[in-house]
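Asker:
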Amino acid sequence: MASVTGRAAGFIATLYYNAVNIPDADKDLAAVAAATVGNEVLDVADIGSLNKTRTIIDIPVYGDDVKGKLPGQVDPGSFDFNVTLNLDDAIHTALRDDDGLTIHTFIIQFTQGANITYAAFDGYIADATVSQPIDDRIQMDVSVARAGAITWLDAA
255 MASVTGRAAG
265 FIATLYYNAV
275 NIPDADKDLA
285 AVAAATVGNE
295 VLDVADIGSL
305 NKTRTIIDIP
315 VYGDDVKGKL
325 PGQVDPGSFD
335 FNVTLNLDDA
345 IHTALRDDDG
355 LTIHTFIIQF
365 TQGANITYAA
375 FDGYIADATV
385 SQPIDDRIQM
395 DVSVARAGAI
405 TWLDAA
């Protein structure tokens, strides 16, 4: 297998939830691929975006016409996704019932034909809101407070 190539169109993205955190030092291709087995988040209606926002600090200097800038820390932000709630699914109920105190590993697998790229990241379940509109599906919006950088792995 090889990594996803070219423009990222015509691919399939699949979300996985690993209840046990994979430490960053252990996030290699074998560990991440193994963590996807049996851990797919089913009935995903929307996978949110992965972002990395760096804080930029203003450095004003008295007498200078233009203030300078200094790069600060990166804020990994949050990762949000939506599922059609299935109370018979162990992962859905685990996400719903999570107390937000345990760090988990999430994996997005991008598949383009036989090519695969993984994005693995850690986070805490910050919110799992179940809504039940009268004329639509029962759904759960999950917000993950990311705790660190994304590990990108290309299957070779």
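By the numbering used here, the letter at position 140 of the sequence shown is numbered 394, and the numbering carries on one by one without gaps. Ideal Cβ placement from N, Cα and C applies to all residues, glycine included.
1) Across which residues does DSSP place L324 in a beta bridge pair?
2) Which residues mark the beginning and the end of the beta strand (DSSP E) in which D351 is found?
3) Grab me the residues of S332's own chain with a C-beta within less than 7 Å of its C-beta, minus the 5 sequence neighbours each way, in chain order.
4) Measure how close the beta-carbons of I404 and Y270 come, nearest whole angstrom, since I'm counting them as under 8 Å.
5) Would D297 pass as an interface residue toward chain C - the criterion being a Cβ-Cβ separation below 9 Å?
6) So the beta strand (DSSP E) T371 belongs to, where does it begin and stop?
7) Count Cβ pairs between the segment 342 to 349 and the segment 311 to 327 that sit closer than 8 Å; are there 3 or more?
8) Counting pairs of beta carbons, one from the segment 365 to 374 and one from the segment 323 to 332, are three or more of them closer than 8 Å?
9) Given that a residue counts as buried once 16 or more other Cβ atoms are within 10 Å of its Cβ, and exposed if not, what is A284?
10) Can you tell me whether DSSP reads A273 as helix, strand or coil?
11) Decide if P277 is buried, meaning its Cβ has at least 16 other Cβ atoms within 10 Å, or exposed.
12) Using the C-alpha atoms, what's the distance from G377 back to G402?
13) Residues in the same chain with beta-carbon distance under 7 Å from T290, minus the five sequence neighbours each way, listed in chain order, please.
14) What are the residues that DSSP puts in a beta bridge with S397?
Answerer: For this structure:
1) As a working mapping, residue 324 is identified with position 70 in the sequence shown. Beta-bridge pairing links L324 to I311.
2) As a working mapping, residue 351 is identified with position 97 in the sequence shown. Premise fails: D351 lies in the alpha helix (DSSP H), 344 to 351, not in any beta strand (DSSP E).
3) The count along the sequence shown starts at 1 and reaches residue 332 at position 78. Excluding sequence neighbours, S332 sits near A380, S397, V398, A399, R400.
4) To locate residue 404, count along the sequence shown from 1; it is residue 150. To locate residue 270, count along the sequence shown from 1; it is residue 16. The Cβ separation is near 14 Å, so there is no contact.
5) Absence of chain C from the displayed structure is noted, only one protein chain being present.
6) Stepping through the sequence shown from its first residue, residue 371 is reached at position 117. Counting along the chain, the beta strand (DSSP E) containing T371 begins and ends at 369 to 385.
7) no
8) no
9) Here residue 284 corresponds to residue number 30 of the sequence shown, with the count starting at 1. Exposed is the call here.
10) For the purposes of this step, residue 273 is identified with residue 19 of the sequence shown, where counting begins at 1. A273 falls in the coil class under three-state DSSP.
11) Looking up residue 277 in the sequence shown gives position 23. Burial call: exposed.
12) Counted from its first residue, the sequence shown places residue 402 at position 148. Counted from its first residue, the sequence shown places residue 377 at position 123. The alpha-carbon atoms of G402 and G377 are separated by roughly 8 Å.
13) Taking the first residue of the sequence shown as position 1, residue 290 is located at position 36. Closer than 7 Å at the Cβ level, and outside the excluded window around T290, lie Y270, I361, Q363.
14) The count along the sequence shown starts at 1 and reaches residue 397 at position 143. BP columns for S397 point to D334, D381.
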